[in-house]
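Going left to right, the sequence shown walks through residues 0 to 271 as numbering that gives the first Met the number 0 numbers them.
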Amino acid sequence: MTTSDSAPTSAQESSSQPRSPTQRAVLAYNYARFDPGEYPLGKELGGPKIGELAPDFHVTDIEGVEVALSDYRGRYVVLETGCATCPMFGSGITTMNALAYRFPDVAFLVLYVREAHPGQNCRPHRSLADKTAAATLLRREEREGRRILIDNLDGQVHRAYGGMPNMVYVINPQGDVVFRSVWNDPEAVDEALRRAMAGGDPNSLESRPRLARPSVMWRVMRRAGRQAVLDMVVALPKIVPIFRRLIWGDLKSVRSPQIPFWRRSRRRTSRV
Numbered sequence: 000m001t002t003s004d005s006a007p008t009s010a011q012e013s014s015s016q017p018r019s020p021t022q023r024a025v026l027a028y029n030y031a032r033f034d035p036g037e038y039p040l041g042k043e044l045g046g047p048k049i050g051e052l053a054p055d056f057h058v059t060d061i062e063g064v065e066v067a068l069s070d071y072r073g074r075y076v077v078l079e080t081g082c083a084t085c086p087m088f089g090s091g092i093t094t095m096n097a098l099a100y101r102f103p104d105v106a107f108l109v110l111y112v113r114e115a116h117p118g119q120n121c122r123p124h125r126s127l128a129d130k131t132a133a134a135t136l137l138r139r140e141e142r143e144g145r146r147i148l149i150d151n152l153d154g155q156v157h158r159a160y161g162g163m164p165n166m167v168y169v170i171n172p173q174g175d176v177v178f179r180s181v182w183n184d185p186e187a188v189d190e191a192l193r194r195a196m197a198g199g200d201p202n203s204l205e206s207r208p209r210l211a212r213p214s215v216m217w218r219v220m221r222r223a224g225r226q227a228v229l230d231m232v233v234a235l236p237k238i239v240p241i242f243r244r245l246i247w248g249d250l251k252s253v254r255s256p257q258i259p260f261w262r263r264s265r266r267r268t269s270r271v
């Protein structure tokens, strides 16, 4: 299950100095131990905003085929970030693949980013071969059917779009962002696509962060390795209060009022 047998341990990394700014950037981005400080939980999502042109990028997919976002002009695109060690991403894979089946004319893409919770089994990436191996592991173990794009080793595309582990963007055929969320909510993505494709405005739609089910959390963290489990246990006291405030709507202290993606959509409210 190990995705990088040659990757050095954190002790080895700390004892050896990177040789170039590029190597330092790679090590900084692909951290060896999870720390919630890596992610601005509850703050405004960076990257392109609704109504702005989604930045073009050029990467390769899991098969080594070169891909550009601009290749999909003329089609709707759902771009989600994820990795093999992100429980939030893992909890939505089945539903997102079902959406891809229901919207065959929409390009559903997964941008494979850094390991959210690296461990002994799924180690921090030190080469594109490491990253591709991890993506291959994800596709095999989670039966991921969407096209997987491999981001650059220093996370160039990931950072340009906001840098969060499980973001989602809906991009229209002209290349503009029509919906985005710091945490993927498949139900909100479904509604956003329906509204946008019908000529409506999905801007008023908002999604909520959903903690992964315990079974998903355990499956993903066990895949990552023991160290990832321990790091998560240490981080939980910091993470849970933020998610609790987000989930229950007490948002004033944890997010900018400019981000409207937490309220419930009309469709979801009608079910309460």
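Each residue gets a CB set at the ideal place from its N, CA and C atoms; glycine is no exception.
Among residues of its own chain, excluding the 5 on either side of residue 137, which ones have a beta-carbon nearer than 8 Å to its beta-carbon?
-> 81, 82, 83, 111, 143 and 147.
Taking 8 Å as the cut-off, decide whether the C-beta atoms of residue 78 and residue 170 are in contact.
-> With a cutoff of 8 Å on beta-carbon distance, residue 78 and residue 170 are scored as near each other.
Which residues in the same chain as residue 68 place their Cβ atom closer than 6 Å to its Cβ, once the five residues preceding and following it in sequence are excluded?
-> Cβ within range, chain order: 55 and 56.
Kindly indicate which three-state DSSP category residue 56 falls into: helix, strand or coil?
-> Coil, per DSSP.
When you compare only the Cα positions, how much space is there between residue 270 and residue 205?
-> In this prediction, residue 270 has a pLDDT of 31, which is less than 50 and means its spatial position is unreliable; nothing more can be read from the coordinates.
Output the boundary residues of the alpha helix (DSSP H) element that contains residue 192.
-> In the DSSP annotation of this structure, the continuous segment of the alpha helix (DSSP H) that includes residue 192 starts and ends at 185–196.
Classify residue 36 as helix, strand or coil using the three-state DSSP reduction.
-> Residue 36 falls in the helix class under three-state DSSP.
For the beta strand (DSSP E) containing residue 112, list its first residue and its last residue.
-> Careful: residue 112 lies outside any beta strand (DSSP E) and carries neither H nor E.
Should residue 97 go down as buried or exposed, given a rule of 16 or more other Cβ atoms within 10 Å for buried?
-> With fewer than 16 other Cβ atoms within 10 Å, it is exposed.
Determine which residues share a DSSP beta bridge with residue 80 and list them.
-> DSSP, once it has assigned bridges, lists 110 as partnering residue 80.
Cβ-based neighbour list, residue 156, same chain, cut-off 7 Å, excluding 5 preceding and 5 following | Same-chain partners within the cutoff: 56, 58, 110 and 150.
Out of 75, 190 and 145, which has the shortest C-alpha to C-alpha gap to residue 100?
-> Comparing C-alpha distances from residue 100 to each of 75, 190 and 145 shows the shortest one belongs to 145.
Segment contact, 8 Å Cβ cut-off, at least three pairs: the segment 24–31 with the segment 120–137 = Segments in contact, yes.
Compare the C-alpha of residue 120 against each of 235, 218 and 19 and name the closest.
-> That would be 218, whose Cα lies nearest to the Cα of residue 120.
Can you tell which of 189, 187, 188 and 166 has the C-alpha that lies nearest to the C-alpha of residue 40?
-> When C-alpha distances from residue 40 are compared across 189, 187, 188 and 166, the shortest belongs to 166.
Give the range of the beta strand (DSSP E) segment to which residue 179 is assigned.
-> Run containing residue 179: 176–180, per the beta strand (DSSP E) assignment.
Is DSSP giving residue 65 helix, strand or coil here?
-> In this structure, residue 65 counts as strand in the three-state DSSP scheme.
The segment 83–93 in contact with the segment 210–224 per 3-pair CB rule at 8 Å | With a cut-off of 8 Å, the segment 210–224 and the segment 83–93 count as touching, because enough Cβ pairs lie within range.
Other residues of its chain near residue 187: CB distance less than 6 Å, five sequence neighbours each side excluded = Closer than 6 Å at the Cβ level, and outside the excluded window around residue 187, lie 204 and 206.
Which class does residue 19 belong to by DSSP, given the choice of helix, strand or coil?
-> Residue 19: coil per DSSP, three-state reduction.
Can you round the beta-carbon distance between residue 192 and residue 105 to whole angstroms, since I take them to be within the 8 Å contact cut?
-> Between residue 105 and residue 192 the Cβ distance is about 6 Å, and since that is below 8 Å, they are a contact.
Have a look at residue 25 and residue 134 and give me their C-alpha separation to the nearest angstrom.
-> Near 18 Å, if we compare the C-alpha coordinates of residue 134 and residue 25.
Status (buried if at least 16 other CB within 10 Å, exposed otherwise) for residue 180 | Classified as buried, residue 180 has 16 or more neighbouring CB atoms from the shown chains inside 10 Å of its CB.
What's the C-alpha gap between residue 35 and residue 238?
-> Answer to the nearest angstrom: the Cα atoms are 7 Å apart.
Cβ neighbours of residue 19 in the same chain (closer than 6 Å, five flanking residues each side left out) | Nothing listed; no residue qualifies.
Mind checking who residue 72 pairs with in its DSSP beta bridge?
-> Note: residue 72 sits in no beta bridge, so no partner.
Does the distance from the CB of residue 117 to the CB of residue 223 come in under 8 Å?
-> Yes, the pair counts as a contact, with Cβ atoms nearer than the cut-off.
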